[in-house]
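Notes follow once the structure below has been shown.
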Amino acid sequence: MAGAAVLMLGALGIFYLSLGSKSSTDTADTHQITIDASGCTPNTLTVPAGAQRFTVINESERGIEWEILDGVMVLEERENIAPGLHQQLTARLLPGEYQMTCGLLSNPRGTLTVTAVAGQTVAADLSARALIGPLAEYRVYLTLEGRALARAVGDLQQQIADDNLDAAQQAWLQARAIDQHMALAVGLFSDLDQRLNARAEYFAEREQDADFRGFERLAYGLFEQQSTAGLLPVVKQLSADVGALRSRLSAQGVPASQLANGAGRVLQAWHDQQQNSEQLSSRARSDLQGLQAGIDKVVSLLLPVLRQAHPLESEALQAANASLAEQVPAADTQILLQASQQLADQLASVNALLASAY
Amino acid sequence: MSNLRTVITAAAFGLVAMQAQATVAPQDLVNPITDYKLYVLDNLEQFSSHTREFTDAIKAGDLQRAQQLYAPTRVYYERIEPIAELFADLDASIDARDDDYEHGVQDPTFTGFHRLEYGLFHEHSTAGLGDYAERLMSDVETLEQSVQDLTFPPEKVVGGAAALMEEVAATKVSGEEDRYSHTDLWDFQGNLDGSKKIFELVKPLAAQEDPAFVARIEENFTAIEHTLAHYYLIEGDASSGYASYDKVSERDRRALVGPVTVLAEELSTLRGLLGLN
Numbered sequence: 011m012a013g014a015a016v017l018m019l020g021a022l023g024i025f026y027l028s029l030g031s032k033s034s035t036d037t038a039d040t041h042q043i044t045i046d047a048s049g050c051t052p053n054t055l056t057v058p059a060g061a062q063r064f065t066v067i068n069e070s071e072r073g074i075e076w077e078i079l080d081g082v083m084v085l086e087e088r089e090n091i092a093p094g095l096h097q098q099l100t101a102r103l104l105p106g107e108y109q110m111t112c113g114l115l116s117n118p119r120g121t122l123t124v125t126a127v128a129g130q131t132v133a134a135d136l137s138a139r140a141l142i143g144p145l146a147e148y149r150v151y152l153t154l155e156g157r158a159l160a161r162a163v164g165d166l167q168q169q170i171a172d173d174n175l176d177a178a179q180q181a182w183l184q185a186r187a188i189d190q191h192m193a194l195a196v197g198l199f200s201d202l203d204q205r206l207n208a209r210a211e212y213f214a215e216r217e218q219d220a221d222f223r224g225f226e227r228l229a230y231g232l233f234e235q236q237s238t239a240g241l242l243p244v245v246k247q248l249s250a251d252v253g254a255l256r257s258r259l260s261a262q263g264v265p266a267s268q269l270a271n272g273a274g275r276v277l278q279a280w281h282d283q284q285q286n287s288e289q290l291s292s293r294a295r296s297d298l299q300g301l302q303a304g305i306d307k308v309v310s311l312l313l314p315v316l317r318q319a320h321p322l323e324s325e326a327l328q329a330a331n332a333s334l335a336e337q338v339p340a341a342d343t344q345i346l347l348q349a350s351q352q353l354a355d356q357l358a359s360v361n362a363l364l365a366s367a368y
Numbered sequence: 011m012s013n014l015r016t017v018i019t020a021a022a023f024g025l026v027a028m029q030a031q032a033t034v035a036p037q038d039l040v041n042p043i044t045d046y047k048l049y050v051l052d053n054l055e056q057f058s059s060h061t062r063e064f065t066d067a068i069k070a071g072d073l074q075r076a077q078q079l080y081a082p083t084r085v086y087y088e089r090i091e092p093i094a095e096l097f098a099d100l101d102a103s104i105d106a107r108d109d110d111y112e113h114g115v116q117d118p119t120f121t122g123f124h125r126l127e128y129g130l131f132h133e134h135s136t137a138g139l140g141d142y143a144e145r146l147m148s149d150v151e152t153l154e155q156s157v158q159d160l161t162f163p164p165e166k167v168v169g170g171a172a173a174l175m176e177e178v179a180a181t182k183v184s185g186e187e188d189r190y191s192h193t194d195l196w197d198f199q200g201n202l203d204g205s206k207k208i209f210e211l212v213k214p215l216a217a218q219e220d221p222a223f224v225a226r227i228e229e230n231f232t233a234i235e236h237t238l239a240h241y242y243l244i245e246g247d248a249s250s251g252y253a254s255y256d257k258v259s260e261r262d263r264r265a266l267v268g269p270v271t272v273l274a275e276e277l278s279t280l281r282g283l284l285g286l287n
């Protein structure tokens with residue numbers, strides 16, 4: 011036991027020493043922080059924005075970690091700095107106030123202030139790499155929404171099978187909201203989009219057309235005809251189509267170029283379809299509510315990517331998104347038409363800014 | 011001595027790999043990062059439900075059951091540590107050890123698993139642990155929500171493979187993580203699972219860049235698992251749990267140090283290999 015620990019320390023020591031000697035030949039400035047039993051020295055530190063190197067020296071008697079915190083999140087860290095040794099860390103910092111952890115959790119935290127440098131625009135990382143996180147997060151979102159959609163359609167099928175009209179109407183609204191969250195992604199597959207969402211006017215024989223199916227066919231039965239009659243095969247087909255959608259999404263995902271573009275497009279489509287209505291139907295209104303929730307997810311992913319390089323456009327996008335979110339539950343038809351058009355325009359314009367990252 | 015040589019060799023390999031020009035296209039990393047978040051969410055869901063059983067047992071005063079559930083509950087947290095520890099305050103209140111505090115176990119802000127471990131395995135009692143159990147459950151729920159809302163930073167995910175093995179090297183091999191319960195091997199396996207998961211997800215990309223690197227990593231994972239298998243409670247059954255860490259022979263401790271150190275070193279080059287430095 012003791013033998014293993016000593017061996018381990020020896021091994022780690024060599025690793026750290028090699029790091030130490032490698033960097034000491036480097037002449038770049040480094041900010042030195044010494045941690046002892048009671049905290050960091052210095053405890054407040056001001057550094058210019060950009061890539062900054064820190065040398066953390068552990069003068070306490072225990073192994074420690076040192077972290078830079080941005081709010082509750084760890085931005086950068088060095089773990090397991092052994093007593094008596096030092097470690098280096100290079101962090102790319104944007105202007106702002108940060109905290110440093112200083113050894114023992116009961117020690118006071120230090121303050122790290124990062125100041126803007128006159129004339130220096132912090133390099134905007136609008137590269138393909140900047141979109142890896144957002145695209146992955148969007149795929150996670152689609153995967154989870156896809157699971158929820160399958161469950162909701164399962165519930166709808168059960169209510170239709172039980173000929174339970176009220177509950178089936180509720181289940182339809184539930185499933186449709188999730189379908190609308192995913193509209194951007196569904197819209198990428200025209201065959202599936204048609205099977206799930208096409209409206210009666212797109213078919214030669216309208217409601218009577220043999221190919222008319224999916225959510226709109228079910229809504230026609232449940233809300234217009236107020237009956238579940240003949241809907242069981244339709245909902246079973248919908249369930250199979252949702253399964254096909256999920257496997258398609260898991261294999262292909264959404265390309266970077268479709269994130270802002272696709273979100274803008276589905277909103278524009280809703281707007282164009284409703285633009286001549288004097289009064290939105292309750293279904294048009296709840297569709298918009300579902301679309302808005304799905305687009306809000308996309309906007310929340312794009313804003314951090316855009317904020318540094320394109321602050322004005324990112325503010326405009328944020329404002330348009332907030333405005334639609336606020337209006338969607340209750341506002342008048344004209345206000346919603348305007349708010350949806352505005353957000354669709356903003357999404358189209360940031361799409362051009364993102365193009366450098368594709 | 012042979013271990014030291016291995017480390018030096020590994021460090022040399024590492025530098026070579028870091029200098030290599032990565033040709034991995036950024037968009038190729040989207041799927042591994044997606045799948046990793048789904049893995050983390052799945053583990054968090056299980057972590058949350060196991061924590062509920064564990065804390066319920068404590069609140070019910072069932073010492074034996076609480077002791078039994080301690081290690082199997084922690085495994086889920088140990089797997090997802092690269093993400094969980096991004097939330098500094100939660101990580102501290104869930105998983106800090108007494109030596110992170112000036113006054114050790116007497117420190118009034120010392121909470122979480124290791125505070126409960128002290129009560130359950132050192133004091134052999136659930137007395138006075140109810141509030142700590144409540145706090146742990148609510149911290150775990152907050153963590154679950156925070157992780158759901160988090161866009162995973164790709165470099166933290168890929169860097170996590172090495173971070174987990176460094177964690178093993180620093181606190182598990184020495185037996186200091188679970189000093190009262192001696193359940194370190196469970197945590198060890200959790201860290202190993204988490205590291206291996208990340209590696210598996212990016213393996214096809216890493217193999218394009220450096221197939222020999224991939225082979226070395228796999229060899230060392232296998233070596234560790236081979237040694238860990240000596241300590242399954244039921245022979246040949248990984249799900250049966252692990253013997254107490256004080257039962258681990260000197261020879262096996264030494265057998266673990268080498269591959270763990272090599273993995274921590276080698277995996278630290280993975281970020282560079284995949285173009286994420």
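In order, the protein sequence lines correspond to chains L and P. The first sequence maps to residues 11 to 368 in my numbering. The second sequence maps to residues 11 to 287 in my numbering. Glycine residues also receive a C-beta, built at the ideal position from the N, C-alpha and C atoms.
Interface with chain P (8 Å Cβ-Cβ cutoff): methionine 83(L) is included. In this structure, the CA atom of phenylalanine 64(L) is about 34 Å from the CA atom of glutamine 218(P). By the CB criterion at 8 Å, alanine 330(L) and glutamine 352(L) fall inside the cutoff. Between the stretch 263-271 of chain P and the stretch 175-192 of chain P there are three or more C-beta pairs closer than 8 Å, enough to call the two in contact. By the C-beta density criterion, alanine 239(L) is exposed, having fewer than 16 other C-beta atoms within 10 angstroms. Proximity of chain P to proline 144(L) at the Cβ level (cut-off 7 Å) is accounted for by Thr161, in chain order. In this model, glutamate 71(L) and alanine 162(L) are separated by some 57 Å (Cα to Cα). In the DSSP assignment, phenylalanine 64(L) falls outside any alpha helix (DSSP H) and within the unbroken beta strand (DSSP E) covering 60-68. Spatial neighbours of serine 135(P) in its own chain (CB-CB distance under 8 Å, excluding positions within 5 residues in sequence) are listed in chain order as Leu73, Gly129. Taken through DSSP and simplified to helix, strand or coil, asparagine 230(P) comes out as helix.
Residue pairing from DSSP places valine 57(L) in a beta bridge opposite Val124(L). At least one beta carbon of chain L lies nearer than 8 Å to the beta carbon of glutamine 37(P). Measuring C-alpha to C-alpha distances from glutamate 288(L) to each of Leu85(L), Val264(L), Leu347(L) identifies Leu347(L) as the nearest. Taking C-beta atoms as the reference points, proline 92(P) and alanine 216(P) fail to come closer than 8 Å. For serine 350(L), there is no enclosing beta strand (DSSP E); the residue is found in the alpha helix (DSSP H) stretching over 343-364.
One finds nothing in chain L with a Cβ atom closer than 7 Å to the Cβ of leucine 174(P); even the nearest lies about 11 Å away. Contact with chain P is absent for arginine 88(L), since none of that chain's Cβ atoms lies less than 8 Å from the residue's Cβ. With fewer than three CB-CB distances shorter than 8 Å, the stretch 181-191 of chain L does not count as touching the stretch 259-267 of chain L. Residue-level contact check: threonine 279(P) does not touch chain L, since none of the beta carbons of chain L fall below 8 Å from its beta carbon.
For the 8 Å CB-CB criterion, glycine 106(L) and leucine 194(L) do not form a contact. For a cut-off of 8 Å, the C-beta gap from isoleucine 345(L) to glutamine 337(L) is around 6 Å, short enough to register as a contact. Contact annotation, valine 124(L) with alanine 59(L): C-beta distance approximately 5 Å; criterion of less than 8 Å satisfied. A Cβ-Cβ separation of about 6 Å places glutamate 77(L) in contact with alanine 98(P) under the 8 Å criterion. Around glycine 263(L), the beta-carbon contacts reaching into chain P at under 8 Å are Val40, Asn41, Thr44.
The residue from Ser254(P), Glu276(P), Arg75(P) with its alpha-carbon nearest to that of isoleucine 227(P) is Glu276(P).
Closest option to phenylalanine 222(L), judged by alpha-carbon separation, among Ile188(L), Leu248(L), Gln236(L): Leu248(L). Valine 252(L) carries a helical assignment under DSSP once its states are collapsed to helix, strand and coil. For phenylalanine 225(L), the secondary structure class from DSSP, reduced to helix, strand or coil, is helix.
Between serine 359(L) and the set Ser366(L), Leu327(L), Ala335(L), the nearest pair of CA atoms involves Leu327(L).
By the rule that beta-carbons nearer than 8 Å mark a contact, lysine 257(P) does not touch chain L. In the structure shown, threonine 161(P) falls within a coil segment according to DSSP collapsed to helix, strand and coil. Residue nearest to glutamine 158(P) within the set Lys47(P), Leu283(P), Ala274(P) is Lys47(P) (criterion: CA-CA distance).
Note on geometry: alpha-carbon atoms of threonine 100(L) and valine 315(L) lie some 21 Å from one another. Here DSSP, grouped into helix, strand and coil, assigns serine 191(P) to coil. Not flagged as an interface residue toward chain P: glutamate 69(L), since no C-beta distance is shorter than 8 Å.
Looking from the CA of asparagine 230(P), the closest CA among His240(P), Lys206(P), Glu245(P) belongs to Lys206(P).
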